[in-house]
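Trainee: I have a structure here, written as structure tokens, and I will follow up with some questions on it.
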Amino acid sequence: MLDMTNNFQNPARTKFRPLFWIMAGCILILLPIFIFWTTDNIKRQNRAIEQLLTDKGQGFIYTLEEYVRRSMMMRSTEFQFPGQGWNEQGYNQDPLQPLVTFFARFPDISYIILTDLDGNITNHNETDQIGKNYGDNIDYPSLIHFGGPHKRETESRDGKKIFEVYRVFLPKLSPGLSQTQGSQRNLQNRNTRFQSQRFPGIPEEGSRIIFIGLDMTNIEARSKEDSREVFKRGFYLLLIGFAGISLLILVQAYRTAQSSLSRIKALSDNIVDNMPIGLIVLDTKSAIASFNNSAETLLHIPSVKIIGKSVEEKLPDQLIELINELRKNKKNIVKEIEIDLGEHGKVYLDINMSILEDSSGLLLGYIILFRDLSEVQELKKEVERSTRLASIGRLAAGVAHEIRNPLSSIKGFATYFGERYKDIPEDKDTAQIMVNEVERLNRVISQLLEFARPVNINRKTVDIKTIINHSVKMIERNAHEKDIRVHVEVPSGIPHIAVDSDRINQVFLNLFLNSIEAMDSGGELSISVNYDSTAEMMKIKVSDTGKGISPSDIGNVFDPYFTTKQSGTGLGLAIVHRIIESHDGEIKVESNQGKGTDATIILPLD
Numbered sequence: 008m009l010d011m012t013n014n015f016q017n018p019a020r021t022k023f024r025p026l027f028w029i030m031a032g033c034i035l036i037l038l039p040i041f042i043f044w045t046t047d048n049i050k051r052q053n054r055a056i057e058q059l060l061t062d063k064g065q066g067f068i069y070t071l072e073e074y075v076r077r078s079m080m081m082r083s084t085e086f087q088f089p090g091q092g093w094n095e096q097g098y099n100q101d102p103l104q105p106l107v108t109f110f111a112r113f114p115d116i117s118y119i120i121l122t123d124l125d126g127n128i129t130n131h132n133e134t135d136q137i138g139k140n141y142g143d144n145i146d147y148p149s150l151i152h153f154g155g156p157h158k159r160e161t162e163s164r165d166g167k168k169i170f171e172v173y174r175v176f177l178p179k180l181s182p183g184l185s186q187t188q189g190s191q192r193n194l195q196n197r198n199t200r201f202q203s204q205r206f207p208g209i210p211e212e213g214s215r216i217i218f219i220g221l222d223m224t225n226i227e228a229r230s231k232e233d234s235r236e237v238f239k240r241g242f243y244l245l246l247i248g249f250a251g252i253s254l255l256i257l258v259q260a261y262r263t264a265q266s267s268l269s270r271i272k273a274l275s276d277n278i279v280d281n282m283p284i285g286l287i288v289l290d291t292k293s294a295i296a297s298f299n300n301s302a303e304t305l306l307h308i309p310s311v312k313i314i315g316k317s318v319e320e321k322l323p324d325q326l327i328e329l330i331n332e333l334r335k336n337k338k339n340i341v342k343e344i345e346i347d348l349g350e351h352g353k354v355y356l357d358i359n360m361s362i363l364e365d366s367s368g369l370l371l372g373y374i375i376l377f378r379d380l381s382e383v384q385e386l387k388k389e390v391e392r393s394t395r396l397a398s399i400g401r402l403a404a405g406v407a408h409e410i411r412n413p414l415s416s417i418k419g420f421a422t423y424f425g426e427r428y429k430d431i432p433e434d435k436d437t438a439q440i441m442v443n444e445v446e447r448l449n450r451v452i453s454q455l456l457e458f459a460r461p462v463n464i465n466r467k468t469v470d471i472k473t474i475i476n477h478s479v480k481m482i483e484r485n486a487h488e489k490d491i492r493v494h495v496e497v498p499s500g501i502p503h504i505a506v507d508s509d510r511i512n513q514v515f516l517n518l519f520l521n522s523i524e525a526m527d528s529g530g531e532l533s534i535s536v537n538y539d540s541t542a543e544m545m546k547i548k549v550s551d552t553g554k555g556i557s558p559s560d561i562g563n564v565f566d567p568y569f570t571t572k573q574s575g576t577g578l579g580l581a582i583v584h585r586i587i588e589s590h591d592g593e594i595k596v597e598s599n600q601g602k603g604t605d606a607t608i609i610l611p612l613d
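Position one of the sequence shown corresponds to residue 8 (the numbering used here), numbered consecutively onward.
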């Protein structure tokens, strides 16, 4: 028996292992995708924020440049800068300062700074910073050669995070260009050094650098919120992907398991249905749950009529008694019983009944296994018969040897007295009767010796039809005297068979004479031959329409000295049985009392 202990030591762990590997596989597949998608989205978001702040700083710079440009175009007219007046004599102070102070009030602008090329602050929204140096490791001269905007992240004096946009301040544009066109033209010519031209309010020292500091507090808060949302969406997508892949794997695993289970079920059903042992499975209420083909054949009960039914309704009484005993005592039952199946006769069964329980001891039902022992019983009887015959044969040989010598003496004295008193008819007749009886005893002893000694077989390949015709010719006179018709049927193409012709002729004569004696006034003796090419066996059937043999005697017809005839010795069929056995064959007798008897001989070709 296979040891299944390890498979059931920890069912939870056994069930968990496939799920664990499914989860691990999903994580290995989806986690890199999640990390890449999340980081890429955050990078895109940061780039977008950076571009937004850059554009915003650029916009403020363009606006300041536009104000200065318009002031240059309106020198001869009255124009009021925010926070600053002017007259025909010019500005009394730098006109950019009011603009710087005004625009610095806009939301998200932390500061606006203009410096010269040495980093000295010329304008600042905080006036106390004017005149100080705004260094911060900036290469001011190089900014002239690159007109495009620069950007960086820095901190304000109060520790706030600042996004700073700075470039060369370009208020002087070609006439007729709009702000946008001028900005584009300046960006295209950013590698050309800016030549400062004098105009009111612009110092002669040269170009200026403008710094726009944008407060990133709100932007950073929104960025963090957006990053959390990106991470959250990525996490949800990861869960959805994980669930989707897991579902696909589980569905596939389920389909595979279902397919495997179907194959296993089909295999087990096929094994159960075709096993040579009868199987009955009962549920906890003793209703029949399974009933295989062998059980149908042995008990002669169709499964369609018994499945789901109670055992008390369908099974034989002997089985029901054993089932009740099993339910009561809770102990397995192994027993050999003979069951009466009514019109189907009796069957001898070897029965094994046991209880079905799960690993926790919960009752699941009962199982009944049984096999037909009828052939085994027949073999046992055959062995017993053979043993008995061998014993009788040995006894007969000894007895015959001891009896034959006295019989010879008796026959001699009877012959002597017959000659001596031949003139006295009564004495002569008495002596002759003694001689005849001694001869009859000698014949019986000869048959007994023939039965006792081993049968020597001299096989030769012959035509069975020739042997049958020869035997029939020998009993034709006996059949004619009793008005019995003899019919022989041997199909053409029957192969020759290797047998001892004399012994087989002796078998046929015994069978034919027994059939003739069983028919008192007329009847029919039929001899038919069939050939089984698959088994390479020849079947010879001898049938008569005589009085038949009673069921109580049919099992003893091959026993020595068993006879139903008044003048029979009871050794004829016993000798026939030995001859057929010596040819590795088999003989069966079936009889229907009052209708006739069939004797079937089965012989191998070789």
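A virtual CB, placed ideally from N, CA and C, is assigned to each residue, including glycine.
1) Do residue 497 and residue 480 have their C-beta atoms within less than 7 Å of each other?
2) Among the residues of its own chain, which have a CB less than 6 Å from the CB of residue 183, if the five just before and after it don't count?
3) Flag this pair as touching only if the segment 146-163 and the segment 171-179 have three or more C-beta atom pairs under 8 Å; answer yes or no.
4) Is residue 95 helix, strand or coil by DSSP?
5) Buried or exposed for residue 78, please, with buried defined as at least 16 other CB atoms from any protein chain shown within 10 angstroms of its CB.
6) Among 420, 465 and 431, which has the Cα closest to the Cα of residue 443?
7) Could you pull out every residue in the same chain whose Cβ sits closer than 6 Å to the Cβ of residue 559, ignoring the five residues on either side in sequence?
8) Only counting runs of 4 or more residues, tell me where the alpha helix (DSSP H) segments fall wholly within the segment 459-514, in order along the chain.
9) Could you check the C-alpha separation between residue 289 and residue 372 for me, to the nearest Å?
10) Quick one: what's got a C-beta closer than 6 Å to residue 565's C-beta in the same chain, skipping five residues either side?
11) How far does the alpha helix (DSSP H) with residue 215 in it reach, from first residue to last?
12) Can you give me the start and stop residues for the beta strand (DSSP E) that residue 288 sits inside?
13) Near residue 483, which residues of its chain fall below 8 Å by C-beta distance, leaving aside the five closest residues on each side in sequence?
14) Could you check whether residue 120 and residue 128 sit closer than 7 Å to each other, using their CB atoms as the reference points?
15) Give me the Cα-Cα distance between residue 122 and residue 236, rounded to the nearest whole angstrom.
16) Which value, in whole angstroms, describes the spacing of the CA atoms of residue 261 and residue 224?
17) If you follow the alpha helix (DSSP H) that residue 3 is part of, which residue opens it and which one closes it?
18) Relative to the alpha-carbon of residue 631, which residue among 427, 390, 414 and 321 has its alpha-carbon at the smallest distance?
19) Would you mind stating whether residue 358 and residue 342 have Cβ atoms separated by less than 7 Å?
20) If you reduce the DSSP assignment to three classes, tell me which class residue 557 lands in.
21) Leaving aside the five residues before and after residue 107 along the sequence, list all residues of the same chain whose C-beta is less than 6 Å from its C-beta, in chain order.
22) When you compare the CB positions of residue 553 and residue 526, do they come within less than 7 Å of one another, or not?
23) Would you mind stating whether residue 501 and residue 549 have Cβ atoms separated by less than 7 Å?
24) Between the alpha carbons of residue 337 and residue 319, how many angstroms are there, rounded?
25) Return the chain-ordered ranges of every alpha helix (DSSP H) run that is complete within the segment 372-455 and spans a minimum of 4 residues.
26) What span of residues does the alpha helix (DSSP H) with residue 162 cover, start to end?
27) What are the residues that DSSP puts in a beta bridge with residue 119?
28) What distance in whole Å lies between the Cβ atoms of residue 424 and residue 434, which are believed to be in contact at a cut-off of 8 Å?
29) For residue 271, report the span of its alpha helix (DSSP H) as first-last.
30) For the candidate residues 293, 490 and 379, whose alpha-carbon lies nearest to that of residue 314?
31) Given a cut-off of 7 Å on the beta-carbon distance, is the pair residue 615 and residue 512 in contact?
32) Tell me whether residue 438 is buried or exposed, calling it buried when 16 or more other Cβ atoms sit within 10 Å of its Cβ.
33) Please list the terminal residues of the continuous beta strand (DSSP E) segment that includes residue 536.
34) Out of 141, 74 and 126, which one is the CA nearest neighbour of residue 109?
35) So, helix, strand or coil for residue 89, using DSSP?
36) Exposed or buried, which one is residue 58 when buried takes at least 16 other CB atoms within 10 Å?
Mentor: Once the coordinates are examined:
1) no
2) Unreliable placement is indicated for residue 183, whose pLDDT of 39 sits below 50; no coordinate value is reported for it.
3) yes
4) Only weak support exists for where residue 95 lies, its pLDDT of 40 falling under 50; the value from the coordinates is given anyway. Coil at residue 95, not helix or strand.
5) buried
6) 420
7) none
8) 471-488
9) 5 Å
10) 580, 581 and 584
11) Segment: none, residue 215 is in no alpha helix (DSSP H) and carries neither H nor E.
12) 285-289
13) 493
14) yes
15) 41 Å
16) 54 Å
17) In this structure the chain extends from 8 to 613, so residue 3 is not present and cannot be described.
18) The question about residue 631 has no answer here: the residues shown for the chain are numbered 8 through 613.
19) yes
20) coil
21) 119, 130 and 132
22) yes
23) no
24) 19 Å
25) 381-427
26) Residue 162 -> not in any alpha helix (DSSP H); beta strand (DSSP E) instead, spanning 157-162.
27) 219
28) 7 Å
29) 224-281
30) 293
31) The first residue shown for the chain is 8 and the last is 613, placing residue 615 beyond what the model contains.
32) buried
33) 530-539
34) 74
35) With a pLDDT of 42 at residue 89, under the threshold of 50, the modelled position of this residue cannot be trusted; read the value that follows with caution. Coil.
36) exposed
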